[in-house]
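For reference, the structure is listed below as structure tokens.
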Amino acid sequence: MNEQQNMKEKLEALDSIIRDNPKVAIDSLEKINKKRLSKSNTAYYSLLTTIARQKNYESFKNDSVISEAVNWYRGVKDYRNYCRSLLYKGIVIYNISQADSSAYMFVKQAEETYISRGIDDKALESTIYLYLGRISSLKEKYSDAESYFRKCMDISKEIDYLENLQNARIDLFWTFLSQKRYSDALSNIIVFADEDTLSPHIQYKFYNALAGYYSSKQDFRISTEYVKKMLAMKCTDNLEINYPKLYHSLANFYIKYNRPDSALFYGKLAVKTLKKANADNHFYYRYLADLYSQRGEYKQAFENCRLAYLSYISVYSKISQNRYMEIEKRYDLSQKEAQLRKSEADKTFLFSVVISLSLLVVLTILFFSKFVNKYNRKRESSEEKFCTAENELKRSWFINEVQKISADLLPRFIEDVNRQATRSRKHSKEISDELNKSIEDVKSSARNKLTAIVRNETFMTLNPSLKYLQDLSDLEKTIVTLIEYGYTTQDMADLLNTSTSNIRATKTKIRDKISALENLSNDTKTALKIFEKE
149 MNEQQNMKEK LEALDSIIRD NPKVAIDSLE KINKKRLSKS NTAYYSLLTT
199 IARQKNYESF KNDSVISEAV NWYRGVKDYR NYCRSLLYKG IVIYNISQAD
249 SSAYMFVKQA EETYISRGID DKALESTIYL YLGRISSLKE KYSDAESYFR
299 KCMDISKEID YLENLQNARI DLFWTFLSQK RYSDALSNII VFADEDTLSP
349 HIQYKFYNAL AGYYSSKQDF RISTEYVKKM LAMKCTDNLE INYPKLYHSL
399 ANFYIKYNRP DSALFYGKLA VKTLKKANAD NHFYYRYLAD LYSQRGEYKQ
449 AFENCRLAYL SYISVYSKIS QNRYMEIEKR YDLSQKEAQL RKSEADKTFL
499 FSVVISLSLL VVLTILFFSK FVNKYNRKRE SSEEKFCTAE NELKRSWFIN
549 EVQKISADLL PRFIEDVNRQ ATRSRKHSKE ISDELNKSIE DVKSSARNKL
599 TAIVRNETFM TLNPSLKYLQ DLSDLEKTIV TLIEYGYTTQ DMADLLNTST
649 SNIRATKTKI RDKISALENL SNDTKTALKI FEKE
């Protein structure tokens, strides 16, 4: 008992220094034998380890450590540590994958616990609002994000929490820049110019913000100078410089103001400095291939295209495998069974509704068809043609509505099959592989059918402007057409089964391609809806 009490006091001492000296806290925590700790001290140890690593800007592969703390503090009356464990579980999930929506759920739950339990910890409250702001900005809820960042800044000023104050300022800068509020964005970070003692991380983010600001203002020469300042910084234990990304930015900026030789130089450096397999590597190879292709050096372009393909296949196969493993670890069997039961009930209900509505519509159409046929026989030839056209329009509408139901249900069905595949893997790898193969077959078939539609003569006839855009890929032509039809970014992401960030990136690439076309007048280009402000 005395040993565990002494250990608790030691952990509390480390807790008191963790905000200002996370590296010291990590070194001390690593010397503790976790196997000798009681359950309560183990949870405390897991919480402090996660906080210290996050404060030290370390990365996380999974959320298993912080989950130990969440599970323990959920059942005891230590509300402050329960609130902290919820917050840092959300932070870990956010750092692993910003697309994971469960991060917001945990951070929001931390805020609710903080308020409902009357916890008095301003540093904790400041961090809660910092991450609520980041996640809201990522979800393009800019008004909410601005409110959260300002709360974080006000609290941080009150308690002199400089790190959170500076991070919130930079994050608010990007929120303003995303809305093209250039004056607000710049004024929010200009205070850093007078600071002589910025930490390496904040200095790096400050240079990156200014590079982004001048890039958005089309002043690429100044942007390159700030990127070079970032490259000139030295890597430290907790500052890792992303050289490939920075070299790619320089290459892109030099292309913008017509210096292709410099662009190629930095494009080659981006590929040369790749150290390990990650999800972005294929992009750098593909970009270098484009640079070679523009110069007519097709052999080098082909080789880099080949490397891009190999990188993409290798990395995304590993990512998919790791994702399945993480899902198995994150959710226990009872949770998955509950979700499965709910999903089955929802599908049964939806299926019943669809069948009932379909039968009702079919009966209505049959009855109406008989009435129309009898009525049309008494009409003149012109009236008969009119009624036939009207009937065909209704039929097309009905088919479209029914197909929309299928389109809405298909992604949900694929997600359900994906969960079943993951669940069944530990019982039968063969069944799991077959289910995954079926999912890939469906996605591949969808891509092939999309290509067939775009290359159909009817499609080109209905969309004559596409004949001037032959440089666009089939997917890009599809996105241009959907924009012309008034689809939003979210609508297109749902329809094409991808993310909104991928749609936005593709739209930017389309604009660049169309802008580069010499056979189109500026009036023709700007008449396309893709150049309209969203």
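Per the working numbering, the sequence shown runs over residues 149 to 682.
No residue lacks a Cβ here, since even glycine has one placed at the ideal position from N, Cα and C.
Query: What residue range does the alpha helix (DSSP H) around Glu157 cover?; Result: 150-165
Query: Since Phe340 and Leu346 are thought to touch, with beta carbons under 8 Å apart, how far apart are those beta carbons, to the nearest angstrom?; Result: 6 Å
Query: Would you mind reading off the limits of the alpha helix (DSSP H) that contains Gly360?; Result: 348-364
Query: Bridge partners of Thr654, per DSSP?; Result: Bridge partners of Thr654: none, in fact.
Query: With 16 other CB atoms within 10 Å as the buried threshold, where does Leu235 fall?; Result: buried
Query: By Cβ distance, which residues of its chain are closer than 6 Å to Asn611, with the 5 residues on each side in sequence left out?; Result: Thr629
Query: Under the three-state reduction of DSSP, which class applies to Leu117: helix, strand or coil?; Result: Absent from the model: residue 117. The displayed extent of the chain is 149 to 682, so no value can be given.
Query: Leu623 by DSSP, collapsed to three states: which one?; Result: helix
Query: Out of Lys328, Ser326, Phe321, Tyr352, point me to the one whose CA is closest to Ile338's CA.; Result: Phe321
Query: Report the option in Ala293, Lys289, Ile165 whose CA atom is closest to the CA atom of Ile276.; Result: Ala293
Query: Does the beta-carbon of Lys376 have 16 or more other beta-carbons within 10 angstroms, so that it is buried, or is it exposed?; Result: exposed
Query: Have a look at Glu485 and Phe324 and give me their C-alpha separation to the nearest angstrom.; Result: At Glu485, the pLDDT of 45 sits below 50, so the modelled position is not reliable and the matter cannot be decided from this model.
Query: Does the Cβ of Arg369 have 16 or more other Cβ atoms within 10 Å, making it buried, or fewer, making it exposed?; Result: exposed
Query: For Lys365 and Lys353, I'd like the C-alpha separation in whole angstroms.; Result: 18 Å
Query: For His575, count neighbouring C-beta atoms within 10 Å of its own C-beta (all shown protein chains included) and say buried if the count is 16 or more, exposed if not.; Result: exposed
Query: Between the region 215-222 and the region 256-273, do three or more beta carbon pairs fall short of 8 Å?; Result: no
Query: Helix, strand or coil for Thr197? Go by DSSP, reduced to three states.; Result: helix
Query: For the candidate residues Asn150, Ile174, Pro170, Glu178, whose alpha-carbon lies nearest to that of Ser186?; Result: Asn150
Query: Is Thr609 helix, strand or coil when you go by DSSP?; Result: helix
Query: Within 10 Å of its beta-carbon, does Asp211 have 16 or more other beta-carbons around it, so buried, or fewer, so exposed?; Result: buried
Query: Specify the secondary structure class of Leu387 as computed by DSSP and reduced to three states.; Result: strand
Query: Using the C-alpha atoms, what's the distance from Asp589 back to Lys477?; Result: For Lys477, the predicted structure reports a pLDDT of 47, less than 50, and the residue's modelled location is therefore unreliable. The matter cannot be settled from this model.
Query: Are Tyr432 and Ala418 touching if we call contact CB-CB under 8 Å?; Result: yes
Query: Under 8 Å, with one C-beta from each stretch per pair, do the region 295-302 and the region 264-271 reach the 3-pair mark?; Result: no
Query: Between Gln202 and Ile239, which are expected to be in contact by the criterion C-beta below 8 Å, what is the C-beta distance as a whole number of angstroms?; Result: 6 Å
Query: For a quick check, are the C-beta atoms of Ser156 and Asn181 less than 8 Å apart?; Result: Rather than Ser, the amino acid found at residue 156 in this sequence is Lys. Not in contact: Lys156 and Asn181 (Cβ atoms no closer than 8 Å).
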